[in-house]
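To start, the structure itself, in structure tokens.
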Amino acid sequence: MPAQSIWTLLSWGPDGWSDDIVYGALITVALALATLPIGLTIGFFIALAKQSEEPSLRLAANIYTTVFRGLPELVTLFLFFFGVPILLQHLIRYFRPEATIDVNSFVAGMIVLALIFSSYASEVFLSAFRAIPKGQYEGGYAIGLSYGQTMRLVIVPQLLRIAFPGLENCWLSLLKDTSLVSVVGLAETLRNAGVAARVTKHSFLFYGVAALVFLALAVVSSFATSAILRSLGKREAQR
Amino acid sequence: MSATATMIERPPPRARGWPRRRVVGYGLVCLWIAFGLGIVSYLFFAWNAAFFAKYAPAYLQGLGVTLALVSISMVLGAILSVPVAYGRMSRNRILSGLAYCYVYFFRGTPLLVQTFLVYYGLGSFRPQLQMIGLWDFFKDAFNCGVFAFALNTAAYQAEILRGAIESVPKGQWEGAASLGLHKLQTLRKIILPQALVVALRPYGNELILMVKASAIVAIITVYDLMGNAKLAFANSFDIQSYIWVALVYLVMVELLRHAIEWIERRITIHLKR
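Quick note, the sequences are listed as chains A and B, same order. Residues in the first sequence are numbered consecutively from 12, following the working numbering. Residues in the second sequence are numbered consecutively from 6, following the working numbering.
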């Protein structure tokens with residue numbers, strides 16, 4: 012086999028690996044984007060529970076964040092990826108003994124990353140809740156809004172603006188954590204780069220490319236978030 | 006007296022009965038209790054003396070490897086973070102640009118990718134490394150893990166150090182300069198004692214993050230805590246191998262977290278009012 016030049020290896024098409032790595036990058040982005048809304052929603056409700064007056068709600072939310080912030084991401088992923096099929100297998104055996112269950116690595120990754128993301132995001136939301144003065148709630152009630160309306164119309168718009176920088180950090184670490192899902196076989200950036208590295212024996216090149224892909228994603232998202240922040244600021248100024 | 010007593014506003018009575026949030030809260034707590042009991046009873050019924058006898062020593066050894074990895078790379082990272090933080094704060098464009106790129110690269114890419122880059126990637130340069138005699142170092146997965154982790158945590162620690170030093174007001178520098186202390190003395194006697202109080206909490210968080218992140222060296226065949234769990238699972242297909250390791254990590258992280266909180270309470274006693 013003649014030694015291929017680096018440019019052939021990085022070309023698009025059957026000889027090169029660029030198409031595989033770009034496809035992997037798309038999976039990475041899709042995984043992160045699919046996790047984001049679930050994680051934000053759970054994180055918001057966890058923060059709501061944490062600042063509630065009801066001790067049992069606070070306790071339940073604190074257990075949640077202690078567990079999912081205390082466990083290494085990889086352990087959570089493996090527990091979920093290997094544990095849930097066993098659990099479901101036991102349950103489903105009562106109904107259909109011959110059925111077997113396989114967890115899709117994308118779905119497993121999505122759920123695990125959402126659990127982790129939400130426990131970090133809940134801390135951000137919680138500190139944002141604490142930054143909103145009590146008078147905002149009281150003002151809302153005073154003009155006759157219900158609790159839900161006060162939340163939706165008065166608190167949440169301010170909350171999002173305060174929480175935004177913290178959530179940006181959570182998003183960046185989510186983007187990086189997606190690389191862990193390659194370990195359970197999801198064909199995302201790192202895994203495709205690893206395949207390329209093993210086939211071509213150019214490990215440094217392809218892992219370097221994977222690193223650059225993640226770096227590029229971080230740069231793009233920092234541009235996107237600063238654009239969002241600017242538009243939020245504009246809307247603030249118009250009032 | 007009785008007139009003033011009636012003026013005092015009483016706190017609102019506690020919510021009685023079963024409002025919806027209490028029902029939800031009790032339900033969730035019951036769910037957690039059921040979950041915990043489920044895990045405990047699973048571990049009880051799945052108790053396997055042979056499994057335990059075979060893997061418990063390996064887990065203990067793995068714990069040692071994990072602790073060694075984390076402590077060595079934390080210390081190396083702390084040493085390496087000093088020049089990086091210096092570069093970040095320097096007024097020299099080139100120096101600060103280089104330090105910024107270093108920090109941006111190591112904070113912008115996943116630690117797993119960095120570890121692969123060191124462990125598999127440096128294999129591409131085997132002849133060159135052999136020539137300068139470093140190959141024996143990079144042949145070993147543990148060394149590669151320490152190398153990658155130290156570089157990674159140095160970037161984070163440099164930012165912590167920079168943030169802490171910049172949090173000390175400028176007047177402190179000026180005051181020291183007017184007393185005739187030179188820069189190094191000022192840093193050692195005036196700035197660092199104040200900065201390190203600020204830095205304690207982020208350093209503690211970084212330590213916890215490192216303990217958690219250390220699990221990924223299992224992927225590059227280091228037999229740390231997670232590596233032994235992977236081995237045990239691969240041999241026995243018994244999910245309790247991961248449950249045990251999860252419990253060990255959870256206890257470790259909680260202990261560290263409480264220890265850091267205790268230290269912080271102790272050293273900020275003079276700031277309490």
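A virtual CB, placed ideally from N, CA and C, is assigned to each residue, including glycine.
Within-7 Å CB hit, residue i to chain A
{"i": "S129/B", "result": "yes"}
{"i": "P115/B", "result": "yes"}
{"i": "G126/B", "result": "yes"}
{"i": "I224/B", "result": "yes"}
{"i": "F160/B", "result": "Looking at the sequence provided, one finds Ala at residue 160/B rather than Phe. No, A160/B lies away from the interface with chain A (no Cβ there is under 7 Å from its Cβ)."}
{"i": "I165/B", "result": "no"}
{"i": "V118/B", "result": "yes"}
{"i": "I221/B", "result": "yes"}
{"i": "M6/B", "result": "Note that M6/B has pLDDT 46, beneath the 50 cutoff, so the model's placement of it is unreliable and no number is given."}
Burial state of residue i (16 or more Cβ within 10 Å)
{"i": "L178/A", "result": "buried"}
{"i": "F40/B", "result": "exposed"}
{"i": "N115/A", "result": "exposed"}
{"i": "W249/B", "result": "buried"}
{"i": "N240/B", "result": "exposed"}
{"i": "H213/A", "result": "buried"}
{"i": "M6/B", "result": "Residue confidence for M6/B is low, a pLDDT of 46 falling below 50, so the modelled location carries little weight; the figure read from the coordinates is stated next. By the 10 Å Cβ count, M6/B comes out exposed."}
{"i": "R96/B", "result": "exposed"}
{"i": "G54/A", "result": "buried"}
{"i": "M136/B", "result": "exposed"}
{"i": "C181/A", "result": "buried"}
{"i": "K217/B", "result": "buried"}
{"i": "L44/A", "result": "exposed"}
Check: residue i C-beta below 6 Å from any heavy atom of the ligand HEM
{"i": "E259/B", "result": "Among the ligands in the structure shown, none appear at all, so the ligand HEM cannot be discussed."}
Spatial neighbours of residue i in its chain, beta-carbon cut-off 8 Å, leaving aside the 5 residues before and after
{"i": "N53/B", "result": "D243, Q245"}
{"i": "R262/B", "result": "G209, I213"}
{"i": "G113/B", "result": "none"}
{"i": "Y247/B", "result": "A234, F238"}
CA nearest to the CA of residue i, picked from the options
{"i": "L74/B", "options": "I221/B, L276/B, H275/B, A90/B", "result": "I221/B"}
{"i": "F225/A", "options": "I32/A, K212/A, I103/A", "result": "I32/A"}
{"i": "G67/B", "options": "R262/B, I272/B, A223/B", "result": "A223/B"}
{"i": "S29/A", "options": "L201/A, T236/A, R241/A, A229/A", "result": "L201/A"}
{"i": "F117/A", "options": "S232/A, S190/A, Y158/A", "result": "S190/A"}
{"i": "G2/B", "options": "Y161/B, S46/B, L139/B, C106/B", "result": "In the structure displayed, chain B extends from 6 to 278; residue 2/B sits before or after that span and is not available."}
{"i": "S219/B", "options": "P24/B, T120/B, R21/B, R26/B", "result": "T120/B"}
{"i": "A159/B", "options": "L212/B, E179/B, M136/B", "result": "L212/B"}
{"i": "L124/A", "options": "T87/A, L223/A, L216/A", "result": "T87/A"}
{"i": "Y148/A", "options": "E134/A, R163/A, F136/A", "result": "R163/A"}
{"i": "A251/B", "options": "Q169/A, L197/A, G81/A", "result": "G81/A"}
{"i": "E164/B", "options": "Y107/B, G138/B, C149/B", "result": "Y107/B"}
{"i": "T39/A", "options": "Q169/A, V167/A, P25/A, A198/A", "result": "A198/A"}
{"i": "L197/B", "options": "A237/B, I225/B, S183/B, R167/B", "result": "R167/B"}
{"i": "F234/A", "options": "L20/A, W18/A, Y34/A, L183/A", "result": "L183/A"}
{"i": "S129/B", "options": "L117/B, G69/B, K144/B", "result": "K144/B"}
{"i": "I274/B", "options": "D229/B, L48/B, V202/B", "result": "V202/B"}
{"i": "L228/A", "options": "L48/B, H187/B, F110/B", "result": "F110/B"}
Same chain, Cβ closer than 7 Å to residue i, five either side skipped, listed in chain order
{"i": "A200/B", "result": "A169, I170, S172, V173"}
{"i": "G92/B", "result": "L100, S101, L103, A104"}
{"i": "Y218/A", "result": "A204, A208"}
{"i": "I60/A", "result": "For clarity, residue 60/A is Ala in the given sequence; the question names Ile instead. If we look at A60/A and ignore the five residues flanking it on each side, its Cβ neighbours are L68, R69, A71, A72."}
{"i": "A58/A", "result": "S133, F136, L137, F140"}
{"i": "D113/A", "result": "P96"}
{"i": "F180/B", "result": "Per the sequence presented here, residue 180/B reads as Gly, with Phe not at that position. Answer for G180/B: no residue qualifies."}
{"i": "E84/A", "result": "I127, D188, L191"}
{"i": "M79/B", "result": "T158, L212, M215"}
{"i": "F142/B", "result": "N148"}
{"i": "I77/B", "result": "V151"}
{"i": "M12/A", "result": "Interpretation of M12/A is limited by its pLDDT of 42, a score under 50 that renders its predicted location unreliable; no figure is taken from the coordinates."}
Spatial neighbours of residue i in its chain, beta-carbon cut-off 6 Å, leaving aside the 5 residues before and after
{"i": "I173/A", "result": "A139, A142"}
{"i": "L72/B", "result": "none"}
{"i": "Y64/B", "result": "N233"}
{"i": "R270/B", "result": "none"}
{"i": "F154/B", "result": "S78"}
Within-7 Å CB hit, residue i to chain B
{"i": "I112/A", "result": "no"}
{"i": "K255/A", "result": "Residue 255/A cannot be examined here, being either before or after the span of chain A that is shown, 12 to 250."}
{"i": "F79/A", "result": "no"}
{"i": "S184/A", "result": "no"}
{"i": "G94/A", "result": "yes"}
{"i": "L47/A", "result": "no"}
{"i": "L226/A", "result": "yes"}
{"i": "M12/A", "result": "Low per-residue confidence applies at M12/A: pLDDT is 42, beneath 50, and the placement is therefore not dependable, though the value from the model is reported in the following sentence. Not closer than 7 Å to any Cβ of chain B, the Cβ of M12/A fails to qualify, so no."}
Residues of the region 54-71 of chain A with Cβ closer than 9 Å to any Cβ of chain B, in chain order: If the cut-off is 9 Å between Cβ atoms, the region 54-71 of chain A has A60, S63, E64, E65, P66, S67, L68, R69, L70, A71 near chain B.
The region 22-48 of chain B: positions lying closer than 7 Å to chain A by Cβ: R26, R27, V29, G30, Y31, L33, V34, W37
Chain D contacts from the region 196-217 of chain B (Cβ-Cβ distance under 9 Å): Absent from the structure: chain D. Protein chains present are A and B.
Near-chain A residues of the region 243-277 of chain B - C-beta to any C-beta below 9 Å: I244, Y247, I248, V250, A251, Y254, L255, V256, M257, V258, E259, R262
Within 9 Å of chain B by C-beta, residues of the region 121-154 of chain A in sequence order: none
Selection of the region 210-221 of chain A by Cβ proximity to chain B, strictly under 9 Å: K212, H213, S214, F215, L216, F217, Y218, G219, A221
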